[in-house]
Amino acid sequence: MDRGSDGSGGSGEAVHGGDGGAYSTNGDLESPVLTKEKQGVQLSDEQRSSDSPQSGKGIRICLWFSLGFFIGVIFTQIPIPESPFSKELRKDSDTLHQFIVNDSKVIAKESRVIAGATENAAHALRLGGTTMSTTTTTTTTTTSTTTSTLPDPVFVTLQTKGSSLLQKVGGPFEVVNIGAGKPWHGYKTKFELLLPFLKSKKDDDLVAFMDGTDIFWGGCEMKDFLHYYQQIVEASGASIVISAEIACGEQPCNKVPPAPEWAVNLANISLNDGFWQKYVSPKGCGSVGCPCASPPAIKFLNSGFIIGPVKDLLPMISWSLYNYDKESTLGDQSVLAKYWFANTDQIALDYQGALCLSTSDLNPYTLFAKDPITGGLWNKAFGRMQCLTHGNGRGRYALWDLLGRFSLGKHGERYAKALKFKKL
(Lines of atoms letter the chains of each structure in order from A and count residues from 1; the text may use other names and numbers.)
(Lines give C-alpha, C1' and ligand atoms only; values in the text may rest on other atoms or scores of the structure.)
Protein backbone atom coordinates (compact mmCIF):
# COMPACT_ATOMS: atom_id res chain seq x y z
CA MET A 1 0.00 0.00 0.00
CA ASP A 2 1.29 3.34 -0.82
CA ARG A 3 1.04 5.57 2.23
CA GLY A 4 1.57 8.55 0.04
CA SER A 5 2.03 11.83 1.70
CA ASP A 6 -0.28 11.51 4.75
CA GLY A 7 1.96 8.87 6.50
CA SER A 8 -0.92 6.60 7.74
CA GLY A 9 -0.85 2.79 8.06
CA GLY A 10 2.10 0.40 8.35
CA SER A 11 3.14 -3.04 7.15
CA GLY A 12 6.62 -3.43 8.71
CA GLU A 13 8.54 -2.08 5.73
CA ALA A 14 10.15 1.18 4.94
CA VAL A 15 8.28 3.33 2.56
CA HIS A 16 10.00 6.21 0.78
CA GLY A 17 8.13 9.36 0.09
CA GLY A 18 8.14 11.16 -3.15
CA ASP A 19 11.00 13.63 -2.34
CA GLY A 20 13.28 11.25 -0.49
CA GLY A 21 11.63 11.68 2.88
CA ALA A 22 10.98 8.46 4.90
CA TYR A 23 9.38 6.99 7.96
CA SER A 24 9.82 3.55 9.53
CA THR A 25 7.49 1.06 11.10
CA ASN A 26 8.18 -1.44 13.87
CA GLY A 27 5.49 -4.09 13.91
CA ASP A 28 2.13 -2.65 14.65
CA LEU A 29 3.61 0.34 16.55
CA GLU A 30 3.97 3.19 14.16
CA SER A 31 6.94 5.54 14.86
CA PRO A 32 7.05 8.00 12.05
CA VAL A 33 10.29 9.86 11.40
CA LEU A 34 8.99 12.61 9.24
CA THR A 35 11.04 14.99 7.12
CA LYS A 36 10.18 18.63 7.20
CA GLU A 37 8.53 18.25 3.86
CA LYS A 38 6.14 15.69 5.36
CA GLN A 39 5.39 18.11 8.16
CA GLY A 40 4.06 20.47 5.60
CA VAL A 41 7.07 22.77 5.47
CA GLN A 42 8.24 23.60 1.97
CA LEU A 43 12.05 24.11 1.88
CA SER A 44 13.95 25.93 -0.76
CA ASP A 45 17.10 24.51 -2.40
CA GLU A 46 19.35 26.86 -0.29
CA GLN A 47 17.69 25.70 2.96
CA ARG A 48 18.12 22.09 2.07
CA SER A 49 21.76 22.76 1.21
CA SER A 50 22.39 24.45 4.57
CA ASP A 51 21.08 21.46 6.46
CA SER A 52 23.51 19.11 4.72
CA PRO A 53 26.75 17.81 6.37
CA GLN A 54 28.79 19.60 3.70
CA SER A 55 27.27 22.91 4.80
CA GLY A 56 28.50 22.51 8.38
CA LYS A 57 31.99 21.69 7.22
CA GLY A 58 32.08 24.88 5.10
CA ILE A 59 31.12 27.00 8.09
CA ARG A 60 33.90 25.49 10.18
CA ILE A 61 36.45 26.22 7.42
CA CYS A 62 35.33 29.85 7.26
CA LEU A 63 35.66 30.18 11.03
CA TRP A 64 39.15 28.71 11.05
CA PHE A 65 40.20 30.97 8.15
CA SER A 66 38.91 34.07 9.94
CA LEU A 67 40.69 33.08 13.13
CA GLY A 68 43.96 32.54 11.24
CA PHE A 69 43.66 35.89 9.50
CA PHE A 70 43.01 37.65 12.82
CA ILE A 71 46.06 35.99 14.44
CA GLY A 72 48.22 36.93 11.41
CA VAL A 73 47.22 40.58 11.68
CA ILE A 74 48.14 40.60 15.37
CA PHE A 75 51.57 39.06 14.75
CA THR A 76 52.43 41.53 11.99
CA GLN A 77 52.08 44.33 14.53
CA ILE A 78 54.54 42.74 16.98
CA PRO A 79 58.20 43.72 16.27
CA ILE A 80 60.43 40.69 15.91
CA PRO A 81 63.92 41.28 17.38
CA GLU A 82 66.78 41.13 14.84
CA SER A 83 69.11 38.21 15.43
CA PRO A 84 72.88 38.80 15.78
CA PHE A 85 73.40 36.96 12.51
CA SER A 86 70.96 39.25 10.71
CA LYS A 87 72.63 42.32 12.16
CA GLU A 88 76.05 41.14 10.99
CA LEU A 89 74.68 40.29 7.56
CA ARG A 90 73.07 43.72 7.22
CA LYS A 91 76.28 45.42 8.37
CA ASP A 92 78.32 43.49 5.80
CA SER A 93 75.81 44.43 3.12
CA ASP A 94 76.05 48.13 4.02
CA THR A 95 79.86 47.95 4.01
CA LEU A 96 79.88 46.27 0.60
CA HIS A 97 77.54 48.93 -0.73
CA GLN A 98 79.84 51.68 0.55
CA PHE A 99 82.86 50.01 -1.05
CA ILE A 100 81.03 49.90 -4.36
CA VAL A 101 80.09 53.58 -4.08
CA ASN A 102 83.66 54.59 -3.18
CA ASP A 103 85.15 52.52 -5.99
CA SER A 104 82.71 54.11 -8.42
CA LYS A 105 83.84 57.56 -7.31
CA VAL A 106 87.52 56.64 -7.72
CA ILE A 107 86.87 55.20 -11.18
CA ALA A 108 85.01 58.35 -12.18
CA LYS A 109 87.88 60.55 -10.99
CA GLU A 110 90.46 58.40 -12.72
CA SER A 111 88.41 58.70 -15.88
CA ARG A 112 88.52 62.48 -15.58
CA VAL A 113 92.29 62.38 -15.12
CA ILE A 114 92.67 60.17 -18.19
CA ALA A 115 90.37 62.47 -20.12
CA GLY A 116 92.52 65.45 -19.10
CA ALA A 117 95.70 63.69 -20.23
CA THR A 118 94.06 62.83 -23.55
CA GLU A 119 93.01 66.44 -23.93
CA ASN A 120 96.59 67.58 -23.27
CA ALA A 121 97.91 65.21 -25.90
CA ALA A 122 95.34 66.35 -28.43
CA HIS A 123 96.19 69.99 -27.74
CA ALA A 124 99.90 69.33 -28.21
CA LEU A 125 99.27 67.48 -31.46
CA ARG A 126 97.17 70.35 -32.78
CA LEU A 127 100.14 72.63 -32.12
CA GLY A 128 102.43 70.24 -33.95
CA GLY A 129 104.38 69.25 -30.84
CA THR A 130 104.72 66.11 -28.78
CA THR A 131 103.09 65.24 -25.50
CA MET A 132 104.72 65.76 -22.14
CA SER A 133 105.19 63.07 -19.54
CA THR A 134 104.42 63.56 -15.87
CA THR A 135 108.08 63.73 -14.87
CA THR A 136 110.13 64.93 -17.84
CA THR A 137 109.62 67.22 -20.81
CA THR A 138 111.14 66.78 -24.25
CA THR A 139 112.75 70.08 -25.28
CA THR A 140 115.17 71.35 -27.88
CA THR A 141 117.20 73.58 -25.59
CA THR A 142 117.97 71.53 -22.51
CA THR A 143 121.21 69.59 -22.54
CA SER A 144 120.34 67.14 -19.81
CA THR A 145 117.20 65.32 -18.69
CA THR A 146 118.65 64.02 -15.44
CA THR A 147 118.77 65.98 -12.23
CA SER A 148 122.28 66.75 -11.05
CA THR A 149 123.10 66.76 -7.38
CA LEU A 150 121.38 69.73 -5.80
CA PRO A 151 121.27 70.53 -2.10
CA ASP A 152 117.91 70.06 -0.44
CA PRO A 153 116.25 73.47 -0.44
CA VAL A 154 115.57 75.32 2.78
CA PHE A 155 111.90 76.32 2.76
CA VAL A 156 111.43 79.70 4.39
CA THR A 157 108.24 81.62 5.03
CA LEU A 158 107.18 84.70 6.93
CA GLN A 159 104.18 84.74 9.25
CA THR A 160 104.34 87.10 12.20
CA LYS A 161 101.13 85.83 13.83
CA GLY A 162 100.95 82.11 14.46
CA SER A 163 102.06 79.51 11.94
CA SER A 164 102.07 79.85 8.18
CA LEU A 165 99.60 78.00 5.97
CA LEU A 166 102.44 75.87 4.61
CA GLN A 167 103.29 74.78 8.15
CA LYS A 168 99.66 74.00 8.98
CA VAL A 169 98.99 71.97 5.84
CA GLY A 170 102.41 70.33 5.79
CA GLY A 171 104.70 68.92 3.15
CA PRO A 172 107.72 66.65 2.71
CA PHE A 173 110.06 69.19 4.31
CA GLU A 174 110.60 71.40 7.33
CA VAL A 175 109.53 75.04 7.12
CA VAL A 176 111.44 77.90 8.76
CA ASN A 177 109.20 80.79 9.79
CA ILE A 178 111.48 83.81 10.08
CA GLY A 179 108.58 86.05 11.10
CA ALA A 180 107.44 84.22 14.23
CA GLY A 181 106.95 86.73 17.04
CA LYS A 182 108.35 89.63 14.97
CA PRO A 183 106.53 92.94 14.36
CA TRP A 184 105.10 93.60 10.89
CA HIS A 185 105.92 96.98 9.31
CA GLY A 186 104.44 96.36 5.89
CA TYR A 187 105.88 94.48 2.93
CA LYS A 188 109.31 95.95 3.56
CA THR A 189 109.47 93.57 6.52
CA LYS A 190 109.96 90.68 4.09
CA PHE A 191 113.32 92.08 2.99
CA GLU A 192 114.25 93.22 6.51
CA LEU A 193 113.89 89.68 7.90
CA LEU A 194 115.05 87.69 4.86
CA LEU A 195 118.38 89.51 4.45
CA PRO A 196 119.91 88.55 7.85
CA PHE A 197 118.63 84.99 7.42
CA LEU A 198 120.42 84.65 4.06
CA LYS A 199 123.60 86.06 5.58
CA SER A 200 123.51 83.25 8.13
CA LYS A 201 123.52 80.54 5.41
CA LYS A 202 126.25 79.19 3.14
CA ASP A 203 126.70 80.60 -0.36
CA ASP A 204 125.69 77.35 -2.06
CA ASP A 205 122.61 76.73 0.07
CA LEU A 206 119.42 76.62 -1.96
CA VAL A 207 116.69 78.74 -0.34
CA ALA A 208 113.02 78.82 -1.31
CA PHE A 209 111.18 81.81 0.18
CA MET A 210 107.39 82.15 0.01
CA ASP A 211 104.43 84.06 1.43
CA GLY A 212 103.02 82.84 4.73
CA THR A 213 99.24 83.09 4.49
CA ASP A 214 98.21 81.66 1.11
CA ILE A 215 100.69 79.04 -0.18
CA PHE A 216 100.41 75.29 0.39
CA TRP A 217 102.03 72.12 -0.94
CA GLY A 218 100.10 70.45 -3.76
CA GLY A 219 101.64 67.01 -3.36
CA CYS A 220 104.45 66.56 -5.91
CA GLU A 221 107.58 64.60 -4.99
CA MET A 222 110.60 66.57 -3.80
CA LYS A 223 112.74 65.05 -6.55
CA ASP A 224 110.27 66.45 -9.10
CA PHE A 225 110.40 69.88 -7.47
CA LEU A 226 114.19 69.91 -7.79
CA HIS A 227 113.94 68.56 -11.34
CA TYR A 228 111.63 71.40 -12.42
CA TYR A 229 113.95 73.96 -10.86
CA GLN A 230 116.98 72.56 -12.66
CA GLN A 231 115.09 72.44 -15.97
CA ILE A 232 114.34 76.16 -15.71
CA VAL A 233 117.91 76.99 -14.70
CA GLU A 234 119.40 74.99 -17.58
CA ALA A 235 116.94 76.33 -20.16
CA SER A 236 117.15 80.00 -19.11
CA GLY A 237 120.71 80.30 -17.85
CA ALA A 238 119.44 82.08 -14.71
CA SER A 239 119.92 80.80 -11.17
CA ILE A 240 117.01 82.64 -9.51
CA VAL A 241 113.44 81.63 -10.29
CA ILE A 242 110.46 83.79 -9.29
CA SER A 243 106.82 82.79 -9.65
CA ALA A 244 104.63 84.27 -12.37
CA GLU A 245 100.90 84.95 -12.69
CA ILE A 246 98.28 85.68 -15.32
CA ALA A 247 97.23 89.11 -13.98
CA CYS A 248 99.55 92.10 -13.93
CA GLY A 249 100.16 93.96 -10.69
CA GLU A 250 102.79 96.42 -9.39
CA GLN A 251 104.80 96.48 -12.63
CA PRO A 252 104.67 98.30 -15.98
CA CYS A 253 102.29 95.83 -17.64
CA ASN A 254 102.86 96.94 -21.23
CA LYS A 255 106.61 96.50 -20.84
CA VAL A 256 106.41 92.90 -19.65
CA PRO A 257 107.63 90.64 -22.47
CA PRO A 258 105.83 87.44 -23.53
CA ALA A 259 107.03 84.07 -22.31
CA PRO A 260 110.51 83.67 -23.87
CA GLU A 261 111.43 81.03 -26.40
CA TRP A 262 113.24 78.88 -23.85
CA ALA A 263 110.04 78.66 -21.76
CA VAL A 264 107.92 77.75 -24.80
CA ASN A 265 110.40 75.04 -25.79
CA LEU A 266 110.57 73.72 -22.25
CA ALA A 267 106.79 73.44 -22.03
CA ASN A 268 106.54 72.18 -25.62
CA ILE A 269 103.37 74.29 -25.77
CA SER A 270 102.77 77.72 -27.26
CA LEU A 271 102.31 79.54 -23.95
CA ASN A 272 101.62 82.94 -25.56
CA ASP A 273 98.90 81.94 -28.05
CA GLY A 274 95.83 81.34 -25.91
CA PHE A 275 96.89 78.16 -24.12
CA TRP A 276 95.75 79.60 -20.77
CA GLN A 277 92.40 80.92 -22.01
CA LYS A 278 90.48 77.76 -21.11
CA TYR A 279 91.82 77.93 -17.54
CA VAL A 280 90.80 81.54 -16.85
CA SER A 281 87.98 81.86 -14.31
CA PRO A 282 84.58 83.11 -15.59
CA LYS A 283 85.13 86.51 -13.95
CA GLY A 284 88.90 86.49 -14.36
CA CYS A 285 90.96 89.05 -16.26
CA GLY A 286 88.23 91.65 -15.82
CA SER A 287 90.07 93.89 -13.39
CA VAL A 288 91.24 97.27 -14.64
CA GLY A 289 93.80 97.48 -11.85
CA CYS A 290 95.25 94.01 -12.55
CA PRO A 291 94.69 93.29 -16.25
CA CYS A 292 95.69 90.19 -18.19
CA ALA A 293 97.53 89.99 -21.47
CA SER A 294 95.55 89.39 -24.65
CA PRO A 295 95.30 86.47 -25.04
CA PRO A 296 95.82 85.61 -21.36
CA ALA A 297 99.26 84.24 -20.49
CA ILE A 298 101.18 83.59 -17.29
CA LYS A 299 104.03 86.06 -17.79
CA PHE A 300 103.83 88.68 -15.01
CA LEU A 301 106.16 88.55 -12.00
CA ASN A 302 104.65 87.51 -8.66
CA SER A 303 106.83 87.94 -5.58
CA GLY A 304 105.04 85.25 -3.55
CA PHE A 305 107.72 82.65 -4.35
CA ILE A 306 111.48 82.96 -4.90
CA ILE A 307 114.15 80.24 -5.10
CA GLY A 308 117.87 80.38 -5.73
CA PRO A 309 121.36 79.95 -4.25
CA VAL A 310 122.16 82.21 -1.31
CA LYS A 311 125.10 83.85 -3.11
CA ASP A 312 122.74 85.04 -5.88
CA LEU A 313 119.79 85.92 -3.67
CA LEU A 314 121.84 88.17 -1.39
CA PRO A 315 122.53 90.94 -3.95
CA MET A 316 118.86 91.01 -5.04
CA ILE A 317 117.44 91.16 -1.51
CA SER A 318 120.04 93.73 -0.40
CA TRP A 319 119.23 96.02 -3.34
CA SER A 320 115.49 95.62 -2.76
CA LEU A 321 115.78 96.55 0.91
CA TYR A 322 117.97 99.59 0.39
CA ASN A 323 115.90 100.88 -2.55
CA TYR A 324 112.50 99.95 -1.18
CA ASP A 325 111.36 103.43 -0.18
CA LYS A 326 112.40 104.87 -3.54
CA GLU A 327 111.13 102.13 -5.86
CA SER A 328 108.08 100.70 -4.10
CA THR A 329 104.62 101.63 -5.33
CA LEU A 330 102.36 99.23 -3.44
CA GLY A 331 104.72 96.68 -1.93
CA ASP A 332 107.67 94.35 -2.39
CA GLN A 333 106.50 93.08 -5.80
CA SER A 334 107.08 96.43 -7.51
CA VAL A 335 110.65 96.54 -6.16
CA LEU A 336 111.49 93.00 -7.31
CA ALA A 337 109.95 93.74 -10.73
CA LYS A 338 112.31 96.69 -11.10
CA TYR A 339 115.29 94.47 -10.28
CA TRP A 340 114.04 91.76 -12.67
CA PHE A 341 113.82 94.16 -15.62
CA ALA A 342 117.44 95.14 -15.03
CA ASN A 343 118.71 91.57 -14.49
CA THR A 344 116.84 89.21 -16.82
CA ASP A 345 120.00 87.16 -17.26
CA GLN A 346 119.98 86.31 -13.54
CA ILE A 347 116.24 85.89 -12.97
CA ALA A 348 113.77 83.60 -14.75
CA LEU A 349 110.05 83.40 -14.18
CA ASP A 350 108.21 80.13 -13.60
CA TYR A 351 106.04 80.41 -16.73
CA GLN A 352 104.40 77.00 -16.24
CA GLY A 353 103.83 77.34 -12.51
CA ALA A 354 105.76 74.09 -12.11
CA LEU A 355 107.37 75.15 -8.82
CA CYS A 356 104.63 77.48 -7.59
CA LEU A 357 101.44 78.24 -9.49
CA SER A 358 99.70 81.54 -8.70
CA THR A 359 95.97 80.99 -9.12
CA SER A 360 94.56 84.53 -9.15
CA ASP A 361 92.06 84.86 -12.04
CA LEU A 362 92.42 81.16 -12.87
CA ASN A 363 89.66 78.58 -12.53
CA PRO A 364 90.98 75.85 -10.21
CA TYR A 365 88.10 73.52 -11.09
CA THR A 366 89.13 73.28 -14.74
CA LEU A 367 92.84 73.43 -13.92
CA PHE A 368 93.04 70.86 -11.11
CA ALA A 369 91.74 67.39 -10.37
CA LYS A 370 92.21 65.26 -7.30
CA ASP A 371 94.83 62.58 -7.86
CA PRO A 372 93.06 59.26 -7.07
CA ILE A 373 96.22 57.67 -5.66
CA THR A 374 97.83 60.37 -3.50
CA GLY A 375 94.85 62.67 -3.00
CA GLY A 376 96.95 65.65 -4.11
CA LEU A 377 96.45 68.31 -6.79
CA TRP A 378 96.75 66.97 -10.32
CA ASN A 379 97.59 69.76 -12.79
CA LYS A 380 95.51 68.97 -15.88
CA ALA A 381 97.18 71.68 -17.97
CA PHE A 382 100.55 69.89 -17.87
CA GLY A 383 99.59 66.39 -16.74
CA ARG A 384 101.53 66.27 -13.46
CA MET A 385 101.27 66.67 -9.71
CA GLN A 386 101.30 70.28 -8.60
CA CYS A 387 104.06 71.39 -6.22
CA LEU A 388 103.36 74.70 -4.45
CA THR A 389 99.99 76.38 -4.99
CA HIS A 390 99.54 80.10 -4.36
CA GLY A 391 95.99 81.33 -3.69
CA ASN A 392 96.86 84.96 -4.28
CA GLY A 393 94.52 87.83 -5.13
CA ARG A 394 91.17 86.59 -6.40
CA GLY A 395 92.52 83.05 -6.10
CA ARG A 396 92.25 83.36 -2.31
CA TYR A 397 88.55 82.47 -2.37
CA ALA A 398 89.10 79.21 -4.26
CA LEU A 399 92.08 78.37 -2.03
CA TRP A 400 89.85 77.35 0.88
CA ASP A 401 87.69 75.17 -1.31
CA LEU A 402 90.79 73.42 -2.65
CA LEU A 403 91.95 72.78 0.89
CA GLY A 404 88.57 71.33 1.77
CA ARG A 405 88.24 69.09 -1.29
CA PHE A 406 91.71 67.62 -1.50
CA SER A 407 93.64 65.61 1.07
CA LEU A 408 97.29 65.27 0.23
CA GLY A 409 98.07 61.72 1.29
CA LYS A 410 99.91 61.55 4.59
CA HIS A 411 99.64 65.34 4.97
CA GLY A 412 95.87 65.36 4.54
CA GLU A 413 95.04 65.21 8.24
CA ARG A 414 96.43 68.71 8.67
CA TYR A 415 93.79 70.23 6.41
CA ALA A 416 91.24 70.32 9.20
CA LYS A 417 93.59 72.57 11.16
CA ALA A 418 94.36 74.67 8.10
CA LEU A 419 90.67 75.34 7.57
CA LYS A 420 90.57 77.16 10.91
CA PHE A 421 92.06 80.14 9.08
CA LYS A 422 89.54 82.93 8.65
CA LYS A 423 88.02 82.85 5.17
CA LEU A 424 88.21 86.10 3.26
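In UniProt numbering, the protein residues as written are 1 to 424.
In this text, a Cβ means the ideal position worked out from N, Cα and C, and glycines have one as well.
By the beta-carbon neighbour count (other beta carbons within 10 angstroms, threshold 16), TYR279 is buried. Where PRO315 is concerned, the enclosing alpha helix (DSSP H) starts and stops at 310-322.
In terms of CA proximity to LYS202, VAL310 leads the group TRP184, VAL256, VAL310 and LEU266. Annotation for LEU377: the continuous beta strand (DSSP E) segment containing it runs 377-379. DSSP, read as helix, strand or coil, puts ILE232 in helix.
Per the Cβ contact rule, the stretch 374-394 is in contact with the stretch 218-237 (3 or more Cβ pairs under 8 Å).
LEU206: member of the beta strand (DSSP E) spanning 206-211, first to last residue. Three or more Cβ pairs drawn from the stretch 243-260 and the stretch 344-351 lie within less than 8 Å of each other, which places the two stretches in contact. The beta carbon of GLU250 sits closer than 7 Å to those of THR329, LEU330, GLY331, GLN333, SER334 and ALA337, all from its chain and outside the five residues before and after it, given in chain order.
In the structure shown, PHE197 falls within a helical segment according to DSSP collapsed to helix, strand and coil.
Distance from the CA of PRO291 to the CA of CYS248, rounded to the nearest whole angstrom, comes to 6 Å. Fewer than three beta-carbon pairs drawn from the stretch 219-233 and the stretch 158-167 are found closer than 8 Å, and the two stretches are therefore not classed as touching. Burial state of CYS285 is buried, judged by a 10 Å Cβ sphere holding 16 or more other Cβ atoms. The continuous beta strand (DSSP E) containing ASN177 extends over residues 175-177. Sorting LYS283, LEU193 and PHE300 by C-alpha distance to the C-alpha of LEU271 places PHE300 at the top.
The DSSP-derived three-state label of LEU362 is strand. Residue pairing by DSSP leaves PHE69 without any beta bridge partner. Each of ALA293, ALA297, GLN277 and ASN254 was checked against the Cα of VAL264, and the nearest Cα belongs to ALA297. Taking the Cα positions, TYR228 is about 22 Å away from ASP214.
Exposure of ASP204 is indicated by the presence of fewer than 16 other C-beta atoms within 10 angstroms of its C-beta. In the structure shown, ASP401 falls within a helical segment according to DSSP collapsed to helix, strand and coil.
In the three-state DSSP reduction, TRP276 falls in the coil class, being neither helix nor strand.
Note that the C-beta distance between ASP361 and SER294 is not below 7 Å. Taking a cut-off of 8 Å on C-beta distances, the stretch 358-375 does not touch the stretch 182-193, as fewer than three cross pairs fall below it. Distances from the CA of GLY274 to each of PRO258, TRP262, LYS283 and LEU266 were compared; the closest alpha carbon is that of PRO258.
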